[in-house]
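Protein sequences appear in the order of chains A and B.
Residues -16 to 209 (this note's numbering) make up the first sequence, in order.
Residues 6 to 426 (this note's numbering) make up the second sequence, in order.
Backbone N, C-alpha and C fix where the C-beta goes; we use that ideal spot for every residue, glycine too.
Nothing here was measured: the structure is a model prediction, and the numbers come from that model.
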Amino acid sequence: MVTSNPFSALFGRSPFQPLLEHIDKTTECADLLLEFFEAAHESDWSRATELRNRISDGEHEADELKTRIRLNLPNSMFLPVSRSDLLELISVQDKIANKIKDVAGIMLGRQMQLPDSMVGPVREYLQTAVATVHQTRQALAELDDLLESGFGRNVSEMLNHQIRELHRLEHLADDQQVVVRRQLFSLENELPPVDVIFLYQIIDWIGEVSDRAERVGSRLQILMAR
Amino acid sequence: MTIIAQHGELFVILACLFGFFMAWGVGANDVANAMGTSVGSKAITIRQAILIAIVFEFLGAWLAGGEVTSTIRKGIIDPDLLKSDPQLLVYGMLASLLASAIWLMVASRKGWPVSTTHSVVGAIVGFAVAGLGPGSVHWTAIGQIVSSWLTSPLLAGVIAYLLFRSIQRLIFENDDPFAAAKRYVPGYMFLVGFIIAMVTLLKGLSHLGLPLGFGESLLLSLGIGAVVMLIGILLERRIGRTKKSDDRFSFSGVEQIFGVLMMFTACAMAFAHGSNDVANAVGPLAAVVSVVAHQGSVGASAELPWWILILGGGGIVVGLVTYGHKVIATVGTGITELTPSRGFAATLAAATTVVLASGTGLPISTTHTLVGAVLGVGLARGMRALNLRVLGTIVISWLVTLPAGAALSIVFFFMLKGMFG
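As structure tokens, then:
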């Protein structure tokens, strides 16, 4: 008899669930980047190609999720957070996956090989960047869990805790970046100059991954500040 | 006068049939809205919801449904104008019942969120204006009813907001929300029992021959509240602290405790709904029965015969059993964005508003009151997303239902008048 009940219609779909899905895709990409790094290190380029394609697919899916969230956030929704903050959050979030794809793309395209002495430090540096992405995901997931309390004092405490951790990881990545750069600088003369230019670029971009992950944390803080 | 004497029994039988039809519609449809939030928050199962609804809808109708029934029966139309033609009142009330029952069916099929209250009030006003002239209507009473349609969602919204804020303050912002929930939730249980009992005792029981004073009612309500609280504490004991690894504040345990509370608020809601909405079916029926029983003397201060409220309550239950369970299932599973704590705030606020209104005899729309309450929780940042476009649909259904009920009842009124003279 009832085709559309006013009650079930009154409750719109929460925008946080798709946001979580999006960050899940991004963390997947980040994990794949680690595998990709190992494959590249072993010069297993067919496996590296496959991994890069999977990263690219993941980034593409994340992109589609982003578009869907943007398009499906109608004005008729009454949300506990500001609409513009949400839109801002999703675009900041989306940039992480883009950068991950870029790193994999350039490494595969140039079939880059790191000098043996640098592999260890760069791996650690990359691991920190990936951990930052995971930390961002966790902050978002806990925020979603705690939404049901209607953002009390505990929630901001929790968020502050998560963001402090995020900041710590990003800072660690910065320190590791300095070490890796210094190492590359000392090897500069022995390597082909064009390779050096791109190595610097990779180092930069890995840093940007953790930077962008941290930026999501700041957006979350802004989201909660109202 | 002779018409009444001649066809009296037929009129009563017709009124019972139409009234039952209307009550069936209320049970089949409206109850689902009242119970939907409880099922949707997963606090109770659909089976439990139906059981609660059957018992408490019936109790609400029987114990506290009297005031609103008398408003519908004699508060809207001026009975003095009908002294010479009492049969017109009979036709009108029959027409109103049939009109709103049919409108309810049609709208439900189309999925429009109409209110049973609105269609009945619209129908009565409609036949009165068309058949008896605008002077026959108590316009101040109508004004009161109409304004209560605005104020009741507002009041429910404010109560829901305050309730949810208090839950936030006392429980969610506590360093140990689980312990806080165990400590404070019995207080909310007391509140549920106390408010419902108080309003019922003060306003509802006089027709059962149990007139209680304010002091006695207060004492009794305090007692009932305490009993409810005790039952709640016993149920609450069974909930242990379950620690999910990723749930730092054990909010899932808190929600489990609110789940217990939700059972009581579901009962309160069913009770409130029965007390207010049964009158939609029973009010016109009671008017017809009273006119026939008093050989056409319209103004007589007749007591409400006890079997009428039981007929209405029974109709609601039958509607619920034969059809309502499907609607509850649809509504209940459709609402996934409600946790027990939010569902509790919304439902208790709506229930309180409805029983208050029932106590003062105002027919209000349960659906709209609940919508107001849900919005109140949303304003306290408790809802993840609310679809405001639905509000527009609801407002439109308000605007459409009144004239639709009125038009249908005018048609039926003149049909009956043509048939019986």
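In chain order, Arg120 place their CB closer than 8 Å to the CB of A:Asp7, counting only its own chain and leaving out the 5 sequence neighbours on each side. Remark: C-beta atoms of B:Phe177 and B:Val382 do not approach each other more closely than 8 Å. Bounds of the alpha helix (DSSP H) holding B:Asn281 are 256 to 298.
Using a Cβ distance threshold of 8 Å, B:Leu375 and B:Leu391 do not count as a contacting pair. In this structure, the beta-carbon distance from B:Glu62 to B:Val36 falls below 8 Å. Looking at the DSSP output, B:Ile82 sits in a beta bridge with B:Val142. Taking a 10 Å sphere around the C-beta of B:Met203, we find 16 or more other C-beta atoms and assign the residue as buried. By the C-beta density criterion, B:Thr357 is buried, having at least 16 other C-beta atoms within 10 angstroms.
Contact annotation for B:Leu393 against chain A: Ser59, Met60, Phe61 [CB-CB distance below 8 Å, chain order]. Around the beta carbon of A:Arg202, 16 or more other beta carbons sit within 10 angstroms, so the residue counts as buried. For A:Pro(-2), the neighbours in chain B by C-beta distance under 8 Å run, in chain order, Arg389, Ala390. Residue-level contact check: B:Arg386 touches chain A, since one or more beta carbons of chain A fall below 8 Å from its beta carbon.
By the Cβ criterion, the region 150 to 161 of chain A is in contact with the region 110 to 119 of chain A, since at least three pairs of Cβ atoms, one from each stretch, lie closer than 8 Å. Ranked by how close their Cα comes to the Cα of A:Ile186, the residues A:Val86, A:Trp28, A:Asp68, A:Asn58 have A:Val86 in first place. Here the C-alpha atom of B:Met40 lies approximately 8 Å from the C-alpha atom of B:Ala58. Apart from the 5 residues on each side of it in sequence, A:Arg106 sits with its Cβ closer than 7 Å to the Cβ of Phe20 in its chain, given in chain order. Nearest to B:Leu240 by C-alpha distance, out of B:Leu87, B:Phe263, B:Gly218, is B:Phe263. For secondary structure counted as the alpha helix (DSSP H) over 4 or more consecutive residues, the region 115 to 190 of chain A holds these complete runs in sequence order: 136 to 170. B:Asn392 has A:Met60 as its beta-bridge partners, per DSSP.
B:Phe418 has no beta-bridge partner at all, per DSSP. Among the CB atoms of chain A, one or more fall inside 8 Å of the CB of B:Leu343. Uninterrupted alpha helix (DSSP H) stretches at least 4 residues long and entirely within the region 143 to 228 of chain B occur at 144 to 172, 182 to 204, given in chain order. Using a CB distance cut-off of 8 Å, B:Gly348 does not count as an interface residue toward chain A. In the DSSP assignment, the residues bridged to A:Phe(-6) are B:Leu391.
A:Phe(-6) has a beta carbon lying within less than 8 Å of a beta carbon in chain B. For B:Asp35, there is no enclosing alpha helix (DSSP H), as DSSP marks it with neither H nor E. At least 8 Å separates the CB of A:Ser65 from every CB of chain B. The Cβ-Cβ distance between B:Gly317 and B:Thr76 does not fall below 8 Å. In summary, the residues of the region 357 to 379 of chain B whose CB is separated from some CB of chain A by less than 8 Å are Thr372, Leu375, Val376, Val379, in the order they occur in the chain.
A:Ala45 and B:Ala69 have their C-alpha atoms spaced approximately 56 Å apart. DSSP places A:Glu25 in no alpha helix (DSSP H); its state is neither H nor E. The DSSP assignment places complete alpha helix (DSSP H) segments of no fewer than 4 residues inside the region 308 to 390 of chain B at 311 to 324, 330 to 339, 345 to 365, 371 to 384, in order along the chain.
Flagged as an interface residue toward chain A: B:Phe256, by a C-beta distance shorter than 8 Å.
Counting other Cβ atoms within 10 Å of its Cβ, A:Asn58 stays below 16 and is therefore classed as exposed.
A check of alpha carbon separations from B:Lys79 across B:Val126, B:Leu159, B:Trp311, B:Ala33 identifies B:Val126 as the nearest. A distance below 8 Å separates the beta carbons of A:Leu62 and A:Pro(-2).
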